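Chains as they are written, first to last, in my numbering: chain A, 816 to 1167; chain B, 816 to 1167.
The beta-carbon is built from N, C-alpha and C at its ideal position, and this holds for glycine as well.
All values reported here derive from a predicted model rather than from experimental measurement.
These notes are about the structure you will find just below.
Number of protein chains: 2
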Amino acid sequence: MLDDRKKKILQAIVEEYIETAEPVSSKALVEKRNINYSSATIRNDMAELEKIGLLDKPHTSAGRIPSAQGYRYYVDKLINSNDISMKEIKYIQSQLETKVNQIEDLTKIATTTLSEITHYTSVGIGPKASEQNIQEVKFILLGSRLLMAIILTETGLIKETIIKFNEDITQEQVDTITYLFNNKLHGKPLTQIDKPMEEYMHSEMSNILNVIKPILEQINKAINEDVPVYMEGADKSFELPEFKSLDIAKSFVNILDTDKTKQMIDILNSSNNEDEINVYIGDENVDKSLKDFSIVTFKHKEKGKDLGTIAIIGPTRMDYSKVISAMKYISKQLNKDKLLESGEDDEDGKKK
Amino acid sequence: MLDDRKKKILQAIVEEYIETAEPVSSKALVEKRNINYSSATIRNDMAELEKIGLLDKPHTSAGRIPSAQGYRYYVDKLINSNDISMKEIKYIQSQLETKVNQIEDLTKIATTTLSEITHYTSVGIGPKASEQNIQEVKFILLGSRLLMAIILTETGLIKETIIKFNEDITQEQVDTITYLFNNKLHGKPLTQIDKPMEEYMHSEMSNILNVIKPILEQINKAINEDVPVYMEGADKSFELPEFKSLDIAKSFVNILDTDKTKQMIDILNSSNNEDEINVYIGDENVDKSLKDFSIVTFKHKEKGKDLGTIAIIGPTRMDYSKVISAMKYISKQLNKDKLLESGEDDEDGKKK
DNA sequence: TTTAGCACTATGTATCTCCGAGTGCTAAAC
DNA sequence: GTTTAGCACTCGGAGATACATAGTGCTAAA
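This is the structure we're talking about:
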């Protein structure tokens, strides 16, 4: 356990370093951070903080910088998690009020807003379709051989896909299929879409057998493929002094490349704690290419269903206080709004 | 007009520089590029090529590099536009055969494939909705106050949006609206969706008046907002030696940031020539932040309708021969396939 | 327990030198 | 007239050296 002065010194070093990106000297703490002890006293404490592993020293004649553990201590015990101004609150509110066309848009807007408030790069991932339960399935015949399937989930997520057939489809067939799907699939998870249909595959209704199969195939494909990813403010990161190091810049681009999106999704989805903000500092990240970065994530859920994940990626020297505060506020707003239900309930009594 | 030897020398310099990223010396041309003249002769020619502005010299005691004009001459007159291997052709074909859920997916696949073949960053932009003509409009009541509008265009592009109402909507209203929309809008451009509807706004059908307005609003929003952008292989660019310069790396990230997407869209959409490959070298680009880059674009059209634009962005020292060849081949394939029609024609005789 | 004072140390920067690759030009060769 | 050999010249990059400086660690005194 640290005594008060050491805590104060650690906090001051972290915050000063976050601000200046330069190793912090004992003198700087006295002059800029109002620590009312002599630089010598502070130096003694700094030496001890270094011994317990909370500070690092780039070299003998430089100041100190926080270690990953130091940031961790700061985030866990010293942080001000209400570091958000009235102006920022207003801005967030105005952004979240924007009308959305789709549920996914909400995550997108939150991602953008977060990047604008924090000046870090933010990444958003749309809802994972596979976790959702089916509310309703609609089929629309777009042409004699072209069928559009629209799946609405209980949380309002919409998946649509187009199926092409080699032979003509009749409206009667479509009606039958629509009836079957909605009868069998309501409330079932999207991943299990083909299980309940299988019995029909082997049933007497041979006239739709050859129609159902391609539909299931295509729907399955649509569910598993499409996880929208939004990235905002990548250019902002490049203004940071850490990006003067080409290695860091490179690994950052590697992380954000669309190809590597799946990696990112894995990283973010491993943060499972519902409605809670997770912070991964430097080498706490499982992925080693993230060792020089910190990630702050938040998973937006409603009734246990994934509505999207939002993350901020920045250098370990990140303004945790600001990032966590902003994310906390946005997450609270997202949960308060319950936007999904605003216009669709009370139809069949299934929802309260 | 250049004599044959000068052409050969220019070509060799461009190609050698593309390969090595080092200023090319007269000696290198003799030894590595089999120019069967003495280095002195070559030096004389290089001096002349520099005088006409086709070559640059970083400093007195360095070799030559092509100027923007030099690249331009190379691209226009010296290039081998069939620089594509059997293996690459096979790969492109296999990729384009992938089943697509939506028309947009085609652009996406082409974008990815192009980046993989050329090893440069590629950017794809989906079809511009505003240029499309309406084929059919469907409305689906998802709840008592939630309506989904699906617009199918003549080229197969699908736009869908959700409209929320403050009061309940009946199926009869939806049917009326569906009839109205399809009656009035078939074959009209998407941008003019509200013009033909206006007369109804002032007509006797007051029971749907308050329904049409929010629908038009929301549809207009969906049309104008949603231009999907795909980016592939940004990390590949960072492996290039030019990205050792932090300024170049920075301006590159600036270009590709989602925020600046609209700039990019403008840039790409200014390349209007249908089914033709456009090359913008260095400062030929209107946007000054692109002065160190070259862009090769191709606009995929069918019957005059925009189906998407694909671009390769790389340093001015780009392998134009390979990029142009690959793009040419992909564009040919895209046009040959006419994928859009494969299953939807002959329904009502409107299409041949 | 805190502080003043001082020796010590690593780094960044500036300056200088030296090397070599490459040119431009002149004069000779073809 | 065209090509080539030869050579002086130039510039940038790599290393070496020195210097100034910011910061520490430690000792001894307050």
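Taking all protein chains shown into account, decide if residue i is buried (16 or more other Cβ within 10 angstroms of its Cβ) or exposed.
i, result
"Q986 of chain A", "exposed"
"Q826 of chain A", "buried"
"K1028 of chain B", "exposed"
"Q908 of chain B", "exposed"
"M1079 of chain B", "buried"
"M816 of chain A", "exposed"
"K1151 of chain A", "exposed"
"T913 of chain A", "exposed"
Leaving out five residues on either side along the sequence, give the residues of the same chain with a beta carbon under 6 Å from the beta carbon of residue i.
i, result
"T1006 of chain B", "S945"
"P942 of chain A", "L972, D1121, L1122, G1123"
"R887 of chain A", "I1096"
"V1094 of chain A", "V890, V1111"
"Q1148 of chain B", "L911"
"D1163 of chain A", "Any reading at D1163 of chain A needs caution, since the residue's pLDDT is 40, under 50, leaving its predicted position unreliable; the model's value is listed next. Same-chain partners within the cutoff: there are none."
"E969 of chain A", "N948, Q950"
"S854 of chain A", "S841, K842, V845"
"N895 of chain A", "S1136"
Where residue i and residue j are concerned, what is the direct C-alpha to C-alpha distance, given to the nearest angstrom?
i, j, result
"V989 of chain A", "I1038 of chain B", "29 Å"
"Y889 of chain A", "F1058 of chain A", "24 Å"
"L911 of chain B", "K1116 of chain B", "16 Å"
"L869 of chain B", "A862 of chain B", "10 Å"
"A1064 of chain B", "M901 of chain A", "36 Å"
"V1042 of chain B", "E919 of chain B", "10 Å"
"N897 of chain A", "I1139 of chain A", "8 Å"
"P1056 of chain A", "A836 of chain A", "7 Å"
"V829 of chain A", "S1060 of chain A", "21 Å"
"K1165 of chain A", "K1003 of chain A", "Unreliable placement is indicated for K1165 of chain A, whose pLDDT of 39 sits below 50; no coordinate value is reported for it."
"D1102 of chain B", "F1108 of chain B", "10 Å"
"L1071 of chain A", "D1134 of chain A", "20 Å"
"V1068 of chain B", "L1105 of chain B", "11 Å"
"Y906 of chain A", "K1137 of chain A", "15 Å"
"D1050 of chain B", "I899 of chain A", "34 Å"
Would you mind reading off the limits of the alpha helix (DSSP H) that contains residue i?
i, result
"V989 of chain A", "986-1000"
"Y906 of chain A", "901-911"
"K821 of chain B", "819-835"
Note down, in chain order, each residue of its chain lying with its Cβ closer than 8 Å to the Cβ of residue i, except the 5 sequence neighbours on either side.
i, result
"I904 of chain B", "Y1144"
"E865 of chain A", "D871, K872, R879"
"Y852 of chain A", "R820, V845"
"I984 of chain B", "L956, S959, R960, L962, V1026"
"S876 of chain A", "none"
"D860 of chain B", "R820, K821, I824"
"E834 of chain B", "none"
"E831 of chain A", "V839, A843, L844, K847, R848"
"I992 of chain B", "F954, I1023, V1026, I1027, I1030"
"K1036 of chain A", "T976"
"E951 of chain B", "I966, L967, N997, H1001"
"M1142 of chain B", "L929, I1092, V1111, F1113, I1125, I1127"
"L893 of chain B", "K822, L825, Q826, V829"
Starting from residue i, trace the beta strand (DSSP E) both ways and give me its first and last residue.
i, result
"V1111 of chain B", "1108-1117"
"L1122 of chain B", "1120-1130"
"E1047 of chain B", "1044-1047"
"N1069 of chain A", "That residue, N1069 of chain A, is in no beta strand (DSSP E); its alpha helix (DSSP H) goes 1061-1071."
"T936 of chain A", "936-940"
"I1096 of chain B", "1092-1096"
Using DSSP bridges, identify the partner residues of residue i.
i, result
"P881 of chain B", "B:L870"
"T968 of chain A", "A:I949"
"K979 of chain A", "A:L961"
"Y889 of chain A", "Its beta-bridge partners do not exist; DSSP assigns none."
"F954 of chain B", "B:A964"
"K842 of chain B", "BP columns for K842 of chain B are empty, so no partner."
"K1028 of chain B", "Paired residue(s): none; K1028 of chain B is not in a bridge."
"I1145 of chain B", "Answer is none; I1145 of chain B lacks a bridge partner."
"I857 of chain A", "BP columns for I857 of chain A are empty, so no partner."
"P1004 of chain A", "A:N948"
Spatial neighbours of residue i within its chain, please: CB distance less than 7 Å, with the 5 preceding and 5 following residues excluded, ordered by chain position.
i, result
"K923 of chain B", "G939, Y1045"
"Q884 of chain A", "G868, L869"
For residue i, is the beta carbon positioned less than 8 Å from some heavy atom of the ligand HEM?
i, result
"D819 of chain B", "This structure lacks the ligand HEM; in fact it carries no ligand of any kind."
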